[in-house]
Structure formats: C-alpha cells, structure tokens
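Remarks on the structure that follows.
Protein chains: 2
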Amino acid sequence: MNKDIVVQKYGGSSVANIERIKAVAQRIVSYKTNRQDVVVVVSAMADTTDELEQLAFGVAQNPSEREMDMLMSTGEQISCALLAMAVKELGFDAISFTGAQVGIKTDKSYTKAKIVKIDARRIRKALSANQIVIVAGFQGVTHDDDITTLGRGGSDLTAVALAKALTAKVCEIYTDVEGIYTTDPRIDKNARKIPLIMFDEMLEMASLGAQVMQPRSIEVAKKFNITLHVRSSYSKEEGTMIVKENEKMEGVVVRGIACNKSEAKITICGVPDKPGVAAKIFTEISKVGVSVDTIVQNVSHTRQTDISFTVPKASLNKALQTTQAVAKKIGAGEVMYDKNIARVSIVGSGMRSYPGVAAKMFQTLAENKINIEMITTSEISISCVINQSLSDKAVQTLHKKFNLQKV
Amino acid sequence: MNKDIVVQKYGGSSVANIERIKAVAQRIVSYKTNRQDVVVVVSAMADTTDELEQLAFGVAQNPSEREMDMLMSTGEQISCALLAMAVKELGFDAISFTGAQVGIKTDKSYTKAKIVKIDARRIRKALSANQIVIVAGFQGVTHDDDITTLGRGGSDLTAVALAKALTAKVCEIYTDVEGIYTTDPRIDKNARKIPLIMFDEMLEMASLGAQVMQPRSIEVAKKFNITLHVRSSYSKEEGTMIVKENEKMEGVVVRGIACNKSEAKITICGVPDKPGVAAKIFTEISKVGVSVDTIVQNVSHTRQTDISFTVPKASLNKALQTTQAVAKKIGAGEVMYDKNIARVSIVGSGMRSYPGVAAKMFQTLAENKINIEMITTSEISISCVINQSLSDKAVQTLHKKFNLQKV
Numbered sequence: 000m001n002k003d004i005v006v007q008k009y010g011g012s013s014v015a016n017i018e019r020i021k022a023v024a025q026r027i028v029s030y031k032t033n034r035q036d037v038v039v040v041v042s043a044m045a046d047t048t049d050e051l052e053q054l055a056f057g058v059a060q061n062p063s064e065r066e067m068d069m070l071m072s073t074g075e076q077i078s079c080a081l082l083a084m085a086v087k088e089l090g091f092d093a094i095s096f097t098g099a100q101v102g103i104k105t106d107k108s109y110t111k112a113k114i115v116k117i118d119a120r121r122i123r124k125a126l127s128a129n130q131i132v133i134v135a136g137f138q139g140v141t142h143d144d145d146i147t148t149l150g151r152g153g154s155d156l157t158a159v160a161l162a163k164a165l166t167a168k169v170c171e172i173y174t175d176v177e178g179i180y181t182t183d184p185r186i187d188k189n190a191r192k193i194p195l196i197m198f199d200e201m202l203e204m205a206s207l208g209a210q211v212m213q214p215r216s217i218e219v220a221k222k223f224n225i226t227l228h229v230r231s232s233y234s235k236e237e238g239t240m241i242v243k244e245n246e247k248m249e250g251v252v253v254r255g256i257a258c259n260k261s262e263a264k265i266t267i268c269g270v271p272d273k274p275g276v277a278a279k280i281f282t283e284i285s286k287v288g289v290s291v292d293t294i295v296q297n298v299s300h301t302r303q304t305d306i307s308f309t310v311p312k313a314s315l316n317k318a319l320q321t322t323q324a325v326a327k328k329i330g331a332g333e334v335m336y337d338k339n340i341a342r343v344s345i346v347g348s349g350m351r352s353y354p355g356v357a358a359k360m361f362q363t364l365a366e367n368k369i370n371i372e373m374i375t376t377s378e379i380s381i382s383c384v385i386n387q388s389l390s391d392k393a394v395q396t397l398h399k400k401f402n403l404q405k406v
Numbered sequence: 000m001n002k003d004i005v006v007q008k009y010g011g012s013s014v015a016n017i018e019r020i021k022a023v024a025q026r027i028v029s030y031k032t033n034r035q036d037v038v039v040v041v042s043a044m045a046d047t048t049d050e051l052e053q054l055a056f057g058v059a060q061n062p063s064e065r066e067m068d069m070l071m072s073t074g075e076q077i078s079c080a081l082l083a084m085a086v087k088e089l090g091f092d093a094i095s096f097t098g099a100q101v102g103i104k105t106d107k108s109y110t111k112a113k114i115v116k117i118d119a120r121r122i123r124k125a126l127s128a129n130q131i132v133i134v135a136g137f138q139g140v141t142h143d144d145d146i147t148t149l150g151r152g153g154s155d156l157t158a159v160a161l162a163k164a165l166t167a168k169v170c171e172i173y174t175d176v177e178g179i180y181t182t183d184p185r186i187d188k189n190a191r192k193i194p195l196i197m198f199d200e201m202l203e204m205a206s207l208g209a210q211v212m213q214p215r216s217i218e219v220a221k222k223f224n225i226t227l228h229v230r231s232s233y234s235k236e237e238g239t240m241i242v243k244e245n246e247k248m249e250g251v252v253v254r255g256i257a258c259n260k261s262e263a264k265i266t267i268c269g270v271p272d273k274p275g276v277a278a279k280i281f282t283e284i285s286k287v288g289v290s291v292d293t294i295v296q297n298v299s300h301t302r303q304t305d306i307s308f309t310v311p312k313a314s315l316n317k318a319l320q321t322t323q324a325v326a327k328k329i330g331a332g333e334v335m336y337d338k339n340i341a342r343v344s345i346v347g348s349g350m351r352s353y354p355g356v357a358a359k360m361f362q363t364l365a366e367n368k369i370n371i372e373m374i375t376t377s378e379i380s381i382s383c384v385i386n387q388s389l390s391d392k393a394v395q396t397l398h399k400k401f402n403l404q405k406v
C-alpha cells in the first residue's frame with residue numbers, strides 16, 4: 000500500500016523549550032496514521048542560533064564560513080534529536096537524521112549553500128519501517144562530506160526539497176502566526192487571513208516584507224508545484240494554502256498589502272544620460288556586498304537624469320560611500336539619501352486583467368495627502384515609496400479601499 | 000619530507016569558555032612547525048554535556064540511546080568548530096572534523112561504542128595541505144552513518160586511536176592537572192608528579208581511583224604502544240609520560256598510592272561452599288547492570304564461606320536487593336553492607352621483584368591503628384579496603400613510608 004506522506008516544518012519558536020518540543024511531538028503523532036507517514040523538518044531551538052553565533056564571534060572576528068556551518072548546524076541536530084526522543088516517549092517509533100544522513104547534497108557555498116541533490120533512500124527505508132522521520136533543517140553536506148547550511152529560511156527549503164523528493168501530498172510550514180494575512184495585523188487590525196494564495200503573489204508578499212516565509216523556498220515550491228500550507232503550531236486551524244493558479248481564486252484583484260520599512264533611499268542627481276552609466280553604479284555597489292532593491296530611473300529630457308534606489312538601512316553608510324565615489328567618477332551631481340521611507344505595495348495576480356488598479360491606489364494615497372516618492376510595478380504588484388511616518392495610514396486606507404477586510 | 004605528527008587532546012575544562020579556547024589555540028599553533036603537524040582532539044566545552052543531558056531528560060524519561068548520541072555528539076562538534084575558528088584567527092590554516100568525517104567507524108553500541116576502524120585519509124589530506132586538524136572527540140559513526148559516542152573518556156580514546164592510525168610520535172593528553180601524581184595532592188600535599196610511568200601501573204592507578212585518564216584509553220595505548228604524555232593545558236611544564244617498560248624506571252618499587260572512596264562493600268555470609276555459587280551471584284548482579292569491582296572470597300574451613308565485593312555507591316541499593324534475593328535462593332545467610340569504606344592501593348611494577356612490600360604496607364597501616372577489612376593483590380598492586388574515615392591518613396603514611404615524596 001502506498002501511503003500518503005506529509006512533510007511538516009517547525010520553526011525555532013515552535014521548539015523553543017522542553018514544553019514546546021513536547022507539544023510539537025503530540026501534534027506530530029496526531030498526524031501519523033496507518034495511511035499517512037510523517038516527515039518532520041525542524042529548526043534550531045530559538046536562541047540556540049544566537050548563542051552559537053556569540054561563541055563564534057567571541058573566538059574570531061571573522062569566523063571561517065566552513066567552520067560557521069560546522070558550528071551552526073549543531074543547533075538543528077540538537078532539536079531533531081530532542082524531538083525524536085519526545086515522539087518516542089509518546090510510544091511512536093521515530094528516528095532523527097542530520098542533513099548529511101538523509102543525503103541532502105549541496106554545493107560548497109558555505110552559509111548559503113544550494114541543494115543540488117537529495118537521495119531519499121534512507122528516509123524511505125525509515126518510513127517503510129513505520130518510523131516518524133525527524134530531519135535537521137537548514138543543513139546539507141558537500142560532495143566531500145563537509146557540512147553546509149542553506150542560509151536564511153533554510154529549514155523551509157529543506158522541507159520543500161524533501162516534499163519534492165518524497166512526492167509528498169503537502170508541505171506544512173508551522174509558524175507562530177495563523178497564516179498569511181492581507182496585511183500586517185499589527186498595522187491594520189482589520190487584516191484577514193488569506194485562505195488561498197498563489198506562489199507568485201506570495202513571492203511578492205514575502206519579498207515585499209511579509210516575514211512568514213523566505214522567497215527562496217517559495218520559488219522552489221513554485222518550481223516543483225509543491226502545495227505549501229502555512230499554519231500555526233499552536234492551533235488546529237487551517238492556515239494559508241499556497242498553490243498554483245486555481246479557479247477558486249478568480250475575481251480577487253488585490254490579495255494583500257505589503258509594507259517594508261527596512262530600507263533607505265539613495266538618489267544620484269544629474270547622472271549623465273549615456274549607455275553604461277547605470278551598470279557602472281550598480282556594479283560598484285554590488286562589489287561592496289550591498290544588495291539593492293527597487294531601482295527607478297525616469298526618462299530624461301536633458302542630457303542628465305536622476306537615479307534612485309533603495310538599500311537595506313543597515314547597509315546605507317557603505318552604499319552611500321560607494322555611491323558618492325562613483326558619482327564623482329562619472330561626473331554626476333549631488334547624492335541624496337532618505338532613511339525615513341517605507342514601501343507600500345498592493346499584490347494580486349488578478350490586477351493584470353483589471354485596469355485602473357494602479358489609478359485607484361494612487362488616488363487613495365492622494366486623498367489621504369500621502370505623497371508618492373517612487374513608483375515601481377511588476378506583473379502582479381504595484382509599489383509606492385512614501386514617507387515612513389505615513390505608511391501605516393497608507394496600509395490601512397488601501398486595505399479598506401480594496402475591500403480586503405471582507406471575506 | 001615526512002613530518003612528525005603530534006596528537007593533542009584537550010578536555011572539557013581546557014575549552015570551557017571563549018578565553019580558554021583562545022588560549023588553547025595559542026598553544027596549538029606553538030606546536031605547528033615546518034617539521035611537525037598537529038592533530039587536535041577536543042572534548043565538549045565543560046557544562047555543555049550537562050545542559051544537553053538536562054534537555055534530553057526534560058523531553059523523555061528514558062531517552063533513546065541512538066538519539067542521545069545524536070544529541071551529545073553536538074557538544075564536541077561545537078567545540079571543534081570554535082577551536083578551528085580560533086586557530087585560523089591566529090593566521091594558521093585549520094579545519095575541523097566530526098568523527099564521521101574522519102572515518103572513525105564504530106560498532107552499534109550507542110553511548111559506549113567501540114572503534115572498529117579509522118580511515119585516516121581525510122586527515123592525511125588536510126595535513127599535507129599544511130592544515131592543523133581539529134577533530135571532535137568522543138564520537139564515531141556506524142556502518143549505516145548513525146552517530147555514536149564512545150562512552151566515558153571517549154575523547155582520550157579518539158586521541159589514542161588517531162595517534163595509532165597516523166603513527167604519531169606522541170599523544171598528548173591535556174588536562175587541568177600537571178600530570179600523574181604519586182597520590183592525590185588534595186589528600187597528601189607531599190604528592191609529587193611522576194615523570195615516567197608504565198602503562199600497567201597507570202592502568203592500576205586509573206582503575207584504582209586516579210581520575211586523570213580512563214582505563215580504556217590506556218589499554219588501547221598499551222596495546223599499540225602509543226606513548227602518552229599527560230600534561231597541563233595551563234603551563235608548558237612537562238607532565239607524565241606513560242610508556243612501555245623502560246630501563247630508566249628500574250629501582251622504583253612503589254610508583255604511587257591510589258585511593259578510591261566511591262565504592263560500597265557488600266558481604267554475603269554463610270555462602271554454601273560448592274561450585275557455581277559465585278557464578279550465580281555475580282551473574283544476577285551483572286543482569287541488573289551493576290559493575291562489581293573488588294571481589295574477595297577466602298578459603299573456607301566449614302562448608303560455608305563469606306563472599307565480599309564492592310560496587311559503586313550509586314548502585315548499592317540495586318545491588319543489595321539483587322544480592323538479598325540471590326542469597327535467599329542459594330541458601331546463604333545474612334547480607335551485610337558498608338558504605339563507609341575506601342580502597343587504598345600501592346601501585347608499582349617494581350614490587351613483583353621486591354619481597355616484603357605487602358608486609359611493609361600492612362605494617363604501616365597497623366602502626367597507625369588502621370584495620371584492614373579486605374585485601375586484594377595484582378601483579379603490580381596491593382589494595383586494602385579500610386574504613387573511609389582513616390583513608391587520608393593511610394594514604395599519607397604510606398606515601399611517606401615508601402619515600403614517594405622524594406624525587
């Protein structure tokens with residue numbers, strides 16, 4: 000008999016202490032039946048990662064990345080062993096594995112490795128012995144048996160990749176929120192849980208500031224069409240299903256409002272309008288390790304133009320220095336910056352077939368006297384950079400205007 | 000050019016915190032030269048093991064042994080990664096490895112696995128790239144890639160086994176004492192560091208209560224004739240060399256005095272003196288997992304005899320229950336016990352060729368009004384069980400009588 004397989008991923012806060020580990024164990028065994036196998040991916044206990052990092056930066060100013068992975072991977076090894084013990088304590092058979100033990104092979108980019116292959120034989124063997132399988136998330140192993148970690152959101156990635164390798168029915172991402180919301184409930188108390196969202200919409204929501212899942216895992220899930228179920232580890236409520244396009248979804252124009260306050264804006268004025276200048280600017284900035292997000296350059300009517308872009312606030316100083324140097328080199332004018340910005344975005348795959356969505360957004364902001372400093376659009380989103388002090392108001396009025404509070 | 004290899008093992012107190020890890024790193028690089036490679040074996044940071052055990056017993060009353068090994072092995076993985084970072088910080092190339100990564104293959108006896116094979120190719124490769132190799136002690140991996148631990152003193156065992164596999168010149172065991180002493184300096188302030196001791200003597204010293212090294216590692220070192228150097232991680236002083244028989248050693252009769260206060264004595268009176276009775280008793284006791292140390296049975300003049308033996312104090316209750324049950328079954332008489340005992344031993348390979356050593360020991364005890372309750376002897380040791388309250392006095396007077404305070 001071919002049993003269904005469910006892959007469940009539990010984050011660090013779900014296994015933060017002994018009591019929570021026991022609660023997760025209870026939940027896990029409730030999913031294990033004669034017709035369903037359970038494969039669990041677990042993150043490091045909350046705080047463990049910080050503690051290990053503190054030790055590393057205590058012994059070395061700039062710890063080797065290979066050794067960092069050797070060190071950090073112990074966090075997940077600890078939590079998966081403990082969770083296996085807790086499940087066994089409930090009278091179910093369980094077995095824990097490191098990334099290396101379940102054949103999660105990666106490339107050699109330590110601290111942000113990419114999975115290149117999964118050999119699921121060991122897991123299948125354990126499942127066919129009716130064991131609940133607990134896998135350490137976030138980690139893999141190179142061809143040379145060196146331990147690697149997968150970077151931010153790595154445990155989600157482990158779960159999605161295992162779901163693919165095992166052709167699981169569904170991949171459940173357990174977290175400390177009930178699912179994906181139409182906007183951040185801390186900003187707008189009318190925010191509502193989204194029952195169904197498309198991968199692309201979720202990608203925009205995630206990259207635009209919704210903190211639940213990392214874009215990388217969603218991209219992989221999209222690529223292999225793995226249905227994700229983001230839900231709370233504290234309740235049995237259904238959360239948000241993240242799926243391919245789906246007929247039930249028709250008619251919804253805007254799925255949600257995202258807001259990102261973590262970036263700062265840099266503008267180079269009077270940039271000579273000739274080929275290769277933008278390339279020069281952003282090559283220099285990428286060289287110092289700063290990742291640029293939104294970039295806006297408008298048409299120029301003179302032989303000069305202005306280029307604006309956003310960078311993480313933490314990287315502002317580094318980015319500014321480079322930008323000023325490069326501006327001088329290319330004969331541009333003043334470099335300005337603004338830390339007090341926010342990017343508010345409306346996201347929804349429906350908007351491509353509904354005209355007037357952008358106009359409605361801009362109109363709504365105008366009615367509320369919110370000035371738009373930059374505009375960018377994608378197939379399924381429209382983003383406006385505005386003054387940060389007005390961003391909560393912008394989110395609330397847009398949420399209302401696009402009727403997101405209604406079911 | 001074939002370089003010498005030195006294997007160094009650092010215990011948990013030597014790497015207890017960031018400062019000590021840095022100090023150990025300094026020491027390690029001082030041994031790395033163009034003509035000498037360094038392979039380091041490291042234990043878990045002091046306290047880590049306790050913390051992990053607390054977590055395990057928090058989630059399960061009786062944690063799975065496989066999962067315990069999965070869990071506990073992270074302690075050494077953490078310390079070896081940190082130590083490698085610290086060494087690299089000093090400008091030397093270093094690389095850390097788990098037991099699995101350096102091919103320490105063991106059997107499947109989780110929590111007390113035996114090394115069956117070491118494939119040192121990975122270490123040799125790293126050494127030939129001029130790297131300082133840092134290996135997580137205490138752990139190995141089964142044929143199926145399951146993580147195992149080697150039990151008490153496991154890191155010493157890793158060091159000795161690697162020294163063998165790499166045909167190292169010497170295996171240095173770093174600890175928080177200066178070496179092996181003629182007796183416990185806390186008992187007798189005249190205790191003196193022994194510069195040179197034989198494996199067999201050290202075995203007696205270790206099994207008789209000197210806590211520096213576990214007997215198992217010494218046995219392995221003896222088997223493969225690996226010279227051990229037990230020394231302090233806080234000084235550059237030479238410690239104690241543990242070697243095969245050696246001409247420099249002649250003339251020393253008694254090498255040291257050991258004292259063990261951790262055991263309790265059980266006596267079965269009126270045991271029927273017929274074949275198979277002793278076997279029956281100790282089979283039952285071993286079945287409940289209690290390890291018996293000294294056993295004494297004297298000749299009997301009637302058809303009955305008394306059998307006395309010692310067990311760890313922690314196992315006394317369990318051992319007593321079993322002994323009482325078995326005594327009833329075999330028709331023996333009363334079972335008595337005494338927690339207030341100590342075993343004091345004189346150790347020295349020279350004593351086999353010097354008559355009168357035993358007599359001198361008993362005489363010394365008698366002169367000090369110390370009653371001897373049990374006597375056992377081996378080729379190179381004589382042990383007396385006495386009242387624990389008199390054991391310090393016994394150690395001090397024997398230490399003096401056998402002139403151990405002199406160099």
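Order-wise, the sequence lines are chains A and B.
Each residue of the first sequence is one higher than the one before, starting from 0 at the first, in numbering that gives the first Met the number 0.
Each residue of the second sequence is one higher than the one before, starting from 0 at the first, in numbering that gives the first Met the number 0.
Don't be surprised by glycine CBs; every beta carbon is placed ideally from N, CA and C.
Can you tell me whether DSSP reads residue i as helix, strand or coil?
i, result
"I284(B)", "helix"
"K242(B)", "The question names Lys, yet the displayed sequence has Val at residue 242(B). The answer is strand: DSSP assigns V242(B) an E or B state."
"D391(A)", "helix"
"H398(A)", "helix"
"R151(A)", "coil"
"E50(B)", "helix"
"A80(B)", "helix"
"D118(B)", "coil"
"G275(A)", "coil"
"V58(B)", "helix"
For residue i, count the other beta carbons within 10 Å of its own beta carbon; 16 or more makes it buried, fewer makes it exposed. Which is it?
i, result
"N370(B)", "exposed"
"A190(B)", "buried"
"Y180(A)", "buried"
"Q138(A)", "buried"
"A313(B)", "exposed"
"R185(A)", "exposed"
"D68(B)", "buried"
"M335(B)", "exposed"
"T282(B)", "exposed"
"R34(B)", "exposed"
"Q60(B)", "exposed"
Report, in whole angstroms, the separation of the C-beta atoms of residue i and residue j, which I expect to be a contact under 8 Å.
i, j, result
"R230(A)", "G178(A)", "6 Å"
"K351(B)", "E378(B)", "The question names Lys, yet the displayed sequence has Arg at residue 351(B). About 6 Å separates the two Cβ atoms, so the contact holds."
"G255(A)", "Q303(A)", "That belief does not hold up - the Cβ atoms of G255(A) and Q303(A) are roughly 38 Å apart, past 8 Å."
"V58(A)", "I131(A)", "Actually they are not in contact, since the Cβ atoms of V58(A) and I131(A) sit about 37 Å apart, beyond 8 Å."
"I294(B)", "A318(B)", "I294(B) to A318(B), Cβ: 12 Å. No contact."
Where do the ends of the alpha helix (DSSP H) carrying residue i lie?
i, result
"E218(A)", "214-223"
"Q7(A)", "That residue, Q7(A), is in no alpha helix (DSSP H); its beta strand (DSSP E) goes 3-9."
"T322(A)", "315-328"
"Q296(B)", "Element bounds for Q296(B): not the alpha helix (DSSP H) but the beta strand (DSSP E), 294-296."
"N257(A)", "Note that residue 257(A) corresponds to Ala in the displayed sequence, not to Asn. Note, A257(A): premise wrong, no alpha helix (DSSP H); beta strand (DSSP E) at 255-259."
"V418(B)", "As shown, chain B starts at 0 and ends at 406. That puts residue 418(B) outside it, with no answer to give."
Just to confirm the assignment, what range does the beta strand (DSSP E) spanning residue i have?
i, result
"T304(B)", "303-311"
"N452(B)", "Here chain B has residues from 0 to 406 only, and residue 452(B) is not among them."
"K264(A)", "262-271"
"R230(A)", "227-231"
"Q100(A)", "Neither: Q100(A) is in no beta strand (DSSP E) and is coded neither H nor E."
"I196(A)", "195-197"
Could you name each continuous beta strand (DSSP E) segment of 3 residues or more that falls completely within the stretch 330-382 of chain A, going from the start of the chain to the end?
-> Runs of the beta strand (DSSP E) inside the stretch 330-382 of chain A: 334-337, 340-346, 373-377.
Go through the stretch 135-184 of chain B residue by residue and report every complete run of the alpha helix (DSSP H) that reaches 4 residues or more, in order.
-> Whole alpha helix (DSSP H) segments, 4+ residues: 153-164.
What residues from the stretch 81-98 of chain A come within 7 Å of chain C, judged by C-beta to C-beta, listed N to C?
-> Checking the listed chains, one finds no chain C in this structure; the protein chains it contains are A and B.
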